[in-house]
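**Student:**
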Amino acid sequence: MKVTTLAVALVAVAAIGAGCAVPPPPAPPAGHDVRYITRDGADTYKFVPSGNSMVVTASASNGGANSRTLVWNTADTGSLDHQTCVTFTSGVWPTQEGVALRVSAEGHPGKAITVMKNVFAFAIQHFNVQLVDLSKPKGQVLFAPIPASDFGPVLGSASGPWRLCASVVGNELSFKVWPESGIEPSWNDELRTRKMILPPEWVYAGHTGLYAGHLPAGSVLRFSNIQSEYY
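Going by this note's numbering, the first residue of the sequence shown is number 22, and it counts up by one from there.
1) Taking GLY173 as part of the alpha helix (DSSP H), name the residues at either end of that continuous run.
2) May I ask you to list the residues that DSSP assigns as paired with PRO200?
3) Just to confirm, are ILE247 and VAL153 a CB contact at a threshold of 9 Å?
4) Could you tell me if ALA36 is buried or exposed, where buried requires 16 or more neighbouring beta carbons within 10 angstroms of its beta carbon?
5) Which residues mark the beginning and the end of the beta strand (DSSP E) in which VAL124 is found?
6) If contact is defined by three or more beta carbon pairs under 8 Å, each pair taking one atom from either stretch, is the stretch 98-118 in contact with the stretch 175-192?
7) For THR78, which residues of its own chain have a beta-carbon under 7 Å away from its beta-carbon, when the five flanking residues on both sides are left out?
8) On the criterion of 16 or more Cβ atoms from any shown chain inside 10 Å, does GLU118 qualify as buried, or is it exposed?
9) Which of helix, strand or coil does DSSP assign to PRO70?
10) Looking at the structure shown, is GLU222 part of a helix, part of a strand, or coil, going by DSSP?
11) Are at least three pairs of beta-carbons, each pair with one atom in the stretch 47-58 and one in the stretch 77-92, less than 8 Å apart?
12) Would you kindly work out how many angstroms separate the C-alpha atoms of LEU236 and ILE134, rounded to a whole number?
13) Which class does ALA63 belong to by DSSP, given the choice of helix, strand or coil?
14) Helix, strand or coil: how does DSSP classify ALA142 here?
15) Across which residues does DSSP place ARG215 in a beta bridge pair?
16) Since ALA79 sits in a beta bridge, which residues does DSSP pair it with?
17) I'd like to confirm the pairing. Which residues does DSSP put opposite TRP254 in its beta bridges?
This is the structure we're talking about:
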């Protein structure tokens with residue numbers, strides 16, 4: 022398996038307009054925390070955990086679809102090395118599902134590594150990696166190019182359910198994608214797995230979590246069979 026060094030391009034995330042005050046989003050569900058990477062005006066999402074599942078619903082009064090969020094279980098102790106897996110059904114475009122690694126947010130906005138389904142140009146069988154740093158005054162996202170990010174040959178024409186697993190060990194990020202109805206591939210499967218080297222500043226302890234973004238008003242994302250392992 023070829024491991025490529027991560028080259029990243031810094032993209033500033035636009036701050037919410039400084040006009041009238043925007044009301045804060047609702048409190049997160051018990052035992053969880055939520056951070057908005059970007060928030061479209063006063064738009065909000067509702068998060069409902071149940072066992073190893075999570076349902077995310079965009080408020081019917083939302084005016085846009087550009088809010089992007091992280092949600093994680095605060096009961097987990099976190100660690101430097103860990104992995105998380107989740108099943109999701111590809112929602113109606115442009116809804117975007119994914120997972121988060123090394124979420125570090127206690128007492129401050131925090132950082133996270135996200136792996137998610139692509140929504141740009143309708144290429145939903147591609148997957149993206151982003152390095153999120155919300156400790157910056159306006160928030161920043163590092164977009165991480167992935168070698169051969171197209172999983173079309175693996176996923177075929179199926180819109181879901183898909184299974185995604187992502188892992189961080191030291192400075193190496195790995196993730197794999199396959200149809201839930203199929204057999205889980207090994208971490209050495211070159212067709213279904215991607216690996217890359219993270220910059221030094223992205224090697225730190227944190228939590229696993231979920232990423233949910235770009236939900237139009239009233240739309241729903243469903244995550245199931247969420248499984249996390251801390252090494």
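Here a beta-carbon is modelled for each residue, glycine too, at the ideal position from N, C-alpha and C.
**Tutor:** Well, looking at it:
1) From DSSP, the alpha helix (DSSP H) with GLY173 extends over 173-176.
2) PRO200 has TRP183 as its beta-bridge partners, per DSSP.
3) No, Cβ-Cβ distance for ILE247 and VAL153 is not below 9 Å.
4) Any answer about ALA36 is weak, because its pLDDT of 38 lies below 50 and its placement is not dependable; what the coordinates show is given next. By the 10 Å Cβ count, ALA36 comes out exposed.
5) Where VAL124 is concerned, the enclosing beta strand (DSSP E) stretches over 117-125.
6) The stretch 175-192 vs the stretch 98-118: in contact.
7) Here the set comprises TYR66, LYS67, VAL241.
8) The residue in question, GLU118, is buried, as its Cβ has 16 or more Cβ neighbours within 10 Å.
9) PRO70: strand per DSSP, three-state reduction.
10) In the structure shown, GLU222 sits in a helix (DSSP, three-state: H, G or I).
11) Proximity of the stretch 47-58 to the stretch 77-92 meets the contact definition, three or more beta-carbon pairs being nearer than 8 Å.
12) Approximately 20 Å between the Cα atoms of the pair.
13) Coil at ALA63, not helix or strand.
14) ALA142: helix per DSSP, three-state reduction.
15) Beta-bridge pairing by DSSP links ARG215 to PHE196.
16) Residue pairing from DSSP places ALA79 in a beta bridge opposite TYR66.
17) Because the chain in this structure spans residues 22 to 252, residue 254 falls outside the shown range and cannot be described.
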